[in-house]
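Read the structure below first, then the notes.
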Amino acid sequence: MIRKTFHRQRARSSTAHQKSVGNGALLRFVPLGGLEEIGRNCMFFEYKNEIIIIDAGLQFPEDETPGVDYIIPNISYLESKKSNVQAIIFTHAHYDHIGALPHIIQRLGNPPIYATALTKGIIEKRQEDFPNSPKLNVNIVKNGDRVQLSNYFEAEFFGIPHTIPENAAVILKTPAGNMVNSSDFKIEYDAEGKVQGLQDLERIGKIGIHSLFIDSTRAEEEGRSLSEKVVEKNLEEIFKKAGGRIIVATFASLLTRINEIIKIAERLGRKVAFSGYSMKTNIQIAQNLGFIKPKQGTIIPLEEINKFRDEKLLILSTGAQGESNASLMRIVSGEHRQIKIRPGDTVVLSSSVIPGNERSVQVVKDNLSRQGAIVYHSALVDIHASGHAPKEDLKLLMKLIKPKFVVPIHGYYFMRAVNAQSAREMGFSKGNVILMDNGQVAELTKDNFKVLEETVPAFYVMVDGLGVGDVEEVVLRDRRNLAQEGMVVIIVTLDRGHGRLLKNPDIISRGFIYLKENQEILDDIRKRIRGLLSRLPTYQEAEPDYIKTLIRDQIGQFLYNKTRRRPMIIPVVIEI
Ligand SMILES: [Zn+2]
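First residue of the sequence shown? That's 275 in the numbering used here, and the numbers climb one at a time after it.
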């Protein structure tokens with residue numbers, strides 16, 4: 275709560291003295307999101323009249339923003355210079371990197387997009403949900419490709435492991451030097467713990483890198499990445515032991531793991547069905563592009579699972595986080611049309627639990643075992659590996675890339691601070707490890723990385739239903755207040771002209787106290803309203819707004835004194 279309040283205030287005051295900027299001959303770098311949160315990843319580089327954006331992700335809402343679907347980067351600075359935007363580069367197809375696109379693309383003048391084939395497939399599929407959004411202009415890039423984006427910028431893409439195929443880190447060649455955005459990444463080890471595929475990184479280390487913008491999501495965690503090979507081995511062991519059906523719940527975005535699970539199922543002679551909309555669409559896209567190549571007959575429609583014996587089935591489902599509308603939850607609650615849990619089913623939750631979801635995951639696990647399923651989750655056995663590098667792997671990337679400057683991105687300040695500490699342990703001097711905040715502007719020359727006083731707007735833009743940016747702070751404050759304190763509606767009926775009360779005030783309360791059992795407070799409120807109105811001067815016409823304010827203040831204070839709570843007071847004045 276404190277952090278966010280501070281953050282908003284800083285963002286707001288900074289816009290007030292924002293200068294007109296951007297035409298000097300220095301390279302400018304601005305992170306618009308992803309540096310004070312997980313998600314909403316978005317940054318841009320600017321040189322003369324050219325701007326290159328990397329990623330435009332969304333952030334899922336927090337407790338402090340009730341009723342908001344998600345939060346997107348603030349692009350008002352970019353919008354004011356949209357004719358300068360030369361390109362948007364997407365590193366990979368996770369929503370915290372691509373999710374804001376439909377909401378901003380038009381406002382940026384529909385600039386060219388550069389992405390790998392799978393990323394293109396997923397952003398174009400999502401674009402279908404926004405029929406009023408323009409047709410995207412997406413250029414497919416492959417790992418290893420070099421693309422001249424504009425006069426001053428060139429991009430080179432290189433593959434780096436994550437949990438989705440075709441993850442592309444970027445070397446952006448700029449007038450100040452070569453900038454590397456690591457994307458989300460992990461280092462891959464084989465089952466024996468031998469590190470895999472560092473050739474690309476070693477090569478990049480030799481071309482001379484100005485700054486490494488490096489993932490910090492898991493910077494606090496000690497050690498190295500768990501090998502995906504170990505995860506696959508453990509999954510296969512569990513699958514072999516299963517006597518009945520196997521239901522694997524995981525993120526639909528973990529396409530690399532899903533691909534392996536399908537292969538294991540084939541080895542064990544099981545048919546595979548998919549449950550959950552995002553699972554189906556993601557796999558369809560990956561299959562069309564050849565990233566998932568099941569054998570003929572492996573994949574069966576969910577409607578046909580009853581044609582096969584239990585020990586010949588594996589079902590991939592969404593909902594490993596206990597999300598209320600996802601497929602696993604519908605299975606557990608008995609609302610799923612094709613699947614009911616039966617004793618002997620093996621259910622595998624192959625994902626980490628996102629902080630905040632512990633309770634709903636617990637409920638799912640409880641209900642599964644109550645219904646007789648055997649449940650495996652990643653706290654019992656290694657059946658999930660994160661897609662983000664922990665400390666030793668982050669250090670390895672810094673060592674291989676050999677940048678002049680290290681800029682931790684992707685994560686809360688504390689995570690980035692730990693990552694910065696790792697960089698210093700690797701021998702980077704304090705001045706060469708840069709911790710910025712969203713909206714801060716930096717000026718880069720060949721040998722310098724200078725964070726300026728100047729900022730651009732970076733405060734939250736909230737998406738609520740289909741509206742963008744229409745949920746103002748005051749609306750959120752009301753929602754928080756209603757959720758925590760409830761509301762009291764007071765209806766007074768007055769004689770127009772004299773302000774005389776014509777009947778006893780009606781009082782309705784929701785989420786505050788149960789008024790029927792608190793007759794005394796109810797009587798007190800009525801008495802006070804009568805007192806209030808009788809003290810109004812009778813020689814002038816009653817002013818409804820004034821009466822409303824009076825009721826709100828006085829009854830609010832009275833209720834606070836009585837109950838130590840501040841419900842929202844809604845006075846309604848009816849004049850007859
Ligand atoms: Zn990712």
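Even for Gly, the Cβ is constructed at its ideal location relative to N, Cα and C.
(Q) What I want to know is whether the C-beta of Asp464 ends up closer than 6 Å to one or more non-hydrogen atoms of ligand 1. (A) Along the sequence shown, one-based indexing puts residue 464 at 190. No, the beta carbon of Asp464 sits no closer than 6 Å to any heavy atom of ligand 1.
Q | For His651, the residue or residues it bridges with in DSSP | A | For the purposes of this step, residue 651 is taken as residue 377 along the sequence shown, with counting starting at 1. Partner(s): Leu623.
(Q) For Glu791 and Met317, what's the separation of their Cα atoms in angstroms? (A) For the purposes of this step, residue 791 is taken as residue 517 along the sequence shown, with counting starting at 1. For the purposes of this step, residue 317 is taken as residue 43 along the sequence shown, with counting starting at 1. For Glu791 and Met317, the gap between their C-alpha atoms comes out near 56 Å.
Q.
Quick check on the burial criterion: 16 or more other C-beta atoms within 10 angstroms. Buried or exposed for Ile481?
A. Here residue 481 refers to the residue found at position 207 when the sequence shown is read from its first residue. With fewer than 16 other Cβ atoms from the protein chains shown falling within 10 Å of its own Cβ, Ile481 counts as exposed.
Q | Exposed unless 16 or more other CB atoms sit within 10 angstroms - verdict on Ile379 | A | Along the sequence shown, read from residue 1 onward, the residue named residue 379 stands at position 105. Under this definition Ile379 is a buried residue.
Q. From Gly543 to Thr592, what does the alpha carbon distance come to, in whole angstroms?
A. Within the sequence shown, numbered from 1, the residue matching residue 543 stands at position 269. Within the sequence shown, numbered from 1, the residue matching residue 592 stands at position 318. Looking at the two C-alpha atoms, the distance is approximately 22 Å.
Q: Please indicate yes or no: does the CB of Asp780 lie closer than 6 Å to some heavy atom of ligand 1?
A: For the purposes of this step, residue 780 is taken as residue 506 along the sequence shown, with counting starting at 1. No, the beta carbon of Asp780 sits no closer than 6 Å to any heavy atom of ligand 1.
(Q) Judging by CA-CA distance, which residue of Ile683, Ala523 and Tyr650 is the nearest neighbour of Leu588? (A) Here residue 588 corresponds to residue number 314 of the sequence shown, with the count starting at 1. Among Ile683, Ala523 and Tyr650, the Cα nearest to that of Leu588 is on Ala523.
Q) Cβ-heavy atom distance between Asp667 and ligand 1 below 6 Å? A) For the purposes of this step, residue 667 is taken as the residue at position 393 of the sequence shown. Every heavy atom of ligand 1 is 6 Å or more from the Cβ of Asp667, so no.
Q.
Can you tell me whether Gln758 is buried or exposed? The criterion is at least 16 other CB atoms within 10 Å of its CB, across all chains shown.
A. To locate residue 758, count along the sequence shown from 1; it is residue 484. Around the beta-carbon of Gln758, fewer than 16 other beta-carbon atoms lie within 10 Å, marking it exposed.
**Q.** Close-in-space but distant-in-sequence residues of the same chain around Glu353 (CB under 6 Å, 5 per side omitted)
**A.** Numbered from its first residue, the sequence shown carries residue 353 at position 79. Only Arg381 meet the Cβ criterion.
Q: Check whether the Cβ atoms of Ser499 and Lys460 sit closer than 7 Å, and answer yes or no.
A: Taking the first residue of the sequence shown as 1, we reach residue 499 at position 225. Taking the first residue of the sequence shown as 1, we reach residue 460 at position 186. Yes; because the gap between Cβ atoms is below 7 Å, this pair is in contact.
(Q) Based on DSSP bridge pairs, tell me the residues matched to Arg774. (A) Within the sequence shown, the letter at position 500 stands for residue 774. Per DSSP, the beta-bridge partners of Arg774 are Asp769.
Q: Taking all protein chains shown into account, decide if Pro435 is buried (16 or more other Cβ within 10 angstroms of its Cβ) or exposed.
A: Looking up residue 435 in the sequence shown gives position 161. By the 10 Å Cβ count, Pro435 comes out buried.
Q: Note down the Cα distance separating Lys567 from Ile559, rounded to an integer number of angstroms.
A: Position 293 of the sequence shown, counting from 1, holds the residue named residue 567. Position 285 of the sequence shown, counting from 1, holds the residue named residue 559. Taking the straight line joining both Cα atoms gives about 12 Å.
Q | Between the CA atoms of Glu320 and Val715 - distance to the nearest angstrom | A | Here the question's residue 715 lines up with position 441 in the sequence shown. Here the question's residue 320 lines up with position 46 in the sequence shown. As the crow flies, the alpha-carbon of Val715 is around 10 Å from that of Glu320.
Q) Mind checking Leu529: buried by the 16 CB within 10 Å criterion, or exposed? A) Along the sequence shown, one-based indexing puts residue 529 at 255. Result: buried.
Q | Counterpart residues of Tyr344 in DSSP-defined beta bridges | A | Numbered from its first residue, the sequence shown carries residue 344 at position 70. Paired residues: Val737.
Q. What is the residue span of the beta strand (DSSP E) that Lys595 lies within?
A. On the sequence shown, residue 595 is found 321 positions in, with the first residue counted as 1. What sits at residue 595 in the sequence shown is Gln, not Lys. In the DSSP assignment, Gln595 falls outside any beta strand (DSSP E), carrying neither H nor E.
Q) Does the Cβ of Asp458 lie closer than 6 Å to at least one heavy atom of ligand 1? A) One-based indexing of the sequence shown puts residue 458 at position 184. Ligand 1 has a heavy atom closer than 6 Å to the beta-carbon of Asp458.
**Q.** Same chain only: Cβ atoms within 7 Å of Thr823, ignoring 5 sequence neighbours per side
**A.** Here residue 823 corresponds to residue number 549 of the sequence shown, with the count starting at 1. Residues of the same chain with their beta carbon placed closer than 7 Å to that of Thr823 are lacking, with the five preceding and five following residues left out of the count.
Q) Ordered along the chain, which non-local residues of its own chain (more than five positions away) have a Cβ less than 7 Å from that of Val725? A) In the sequence shown, the residue the question calls residue 725 occupies position 451. Taken in chain order, the residues that qualify are Ile708, Met710, Gln714 and Ala716.
Q | Asp403 in three-state terms, based on DSSP | A | The residue labelled residue 403 in the question sits at position 129 within the sequence shown. In this structure, Asp403 counts as coil in the three-state DSSP scheme.
Q.
Please give me, in chain order, every unbroken run of the beta strand (DSSP E) with length at least 3 that falls completely inside the stretch 406-462.
A. Correct list: 412-414, 420-422, 428-433, 442-448 and 451-455.
**Q.** Option nearest Ile803 by Cα separation, candidates Lys586, Gly771, Arg839 and Val763
**A.** Translated into the one-based positions of the sequence shown, residue 803 becomes position 529. Of the candidates Lys586, Gly771, Arg839 and Val763, the one whose C-alpha sits nearest the C-alpha of Ile803 is Val763.
Q: Return yes when the C-beta of His368 is under 6 Å from any heavy atom of ligand 1, and no when it is not.
A: Locating residue 368 in the sequence shown gives position 94, counting from the first residue. Result yes, Cβ under 6 Å from ligand 1.
Q. How would you call Tyr834, buried or exposed, if buried means at least 16 neighbouring beta carbons within 10 angstroms?
A. For the purposes of this step, residue 834 is identified with residue 560 of the sequence shown, where counting begins at 1. When all chains shown are included, Tyr834 counts as exposed.
Q) So, Gly731 versus Ser350, is the Cβ gap smaller than 7 Å? A) Counted from its first residue, the sequence shown places residue 731 at position 457. Counted from its first residue, the sequence shown places residue 350 at position 76. Here the sequence assigns Pro to residue 731, which means Gly is not the residue at that position. Taking 7 Å as the Cβ cut-off, Pro731 and Ser350 qualify as a contacting pair.
Q. Is it the case that the Cβ atoms of Asp419 and Asp458 are separated by a distance below 7 Å?
A. Here residue 419 refers to the residue found at position 145 of the sequence shown. Here residue 458 refers to the residue found at position 184 of the sequence shown. For Asp419 and Asp458, no; Cβs fall outside 7 Å.
Q: Kindly indicate which three-state DSSP category His377 falls into: helix, strand or coil?
A: Residue 377 sits at position 103 when you count from the first residue of the sequence shown. Residue state, collapsed to three classes: helix.
Q.
Strictly by DSSP, which residues pair up with Lys639?
A. Counting from 1 along the sequence shown, the entry for residue 639 is found at position 365. Paired residues: none, contrary to the question.
**Q.** Beta-carbon proximity check, Pro682 vs Arg690, cutoff 7 Å
**A.** In the sequence shown, the residue the question calls residue 682 occupies position 408. In the sequence shown, the residue the question calls residue 690 occupies position 416. In this structure, Arg690 lies closer than 7 Å to Pro682 by Cβ.
(Q) Using C-beta distances below 6 Å, list every residue in its chain close to Leu301, excluding the 5 sequence neighbours before and after it, in chain order. (A) Along the sequence shown, one-based indexing puts residue 301 at 27. Tyr321, Thr448, Pro449, Ala450 and Leu718.
Q. Within the chosen definition, does the stretch 405-421 reach the stretch 617-625 through at least 3 CB pairs nearer than 8 Å?
A. Contact annotation: the stretch 405-421 does not touch the stretch 617-625, with fewer than three C-beta pairs closer than 8 Å.
Q) Are the CB atoms of Pro386 and Phe404 nearer to each other than 7 Å? A) The count along the sequence shown starts at 1 and reaches residue 386 at position 112. The count along the sequence shown starts at 1 and reaches residue 404 at position 130. When the beta-carbon positions are compared, Pro386 and Phe404 stay at least 7 Å from each other.
Q.
Distance check for Gly308 and Met370, CA to CA, integer angstroms please.
A. For the purposes of this step, residue 370 is identified with residue 96 of the sequence shown, where counting begins at 1. For the purposes of this step, residue 308 is identified with residue 34 of the sequence shown, where counting begins at 1. Before going further, note that residue 370 is Asp rather than Met in the sequence given. In this structure, the CA atom of Asp370 is about 9 Å from the CA atom of Gly308.
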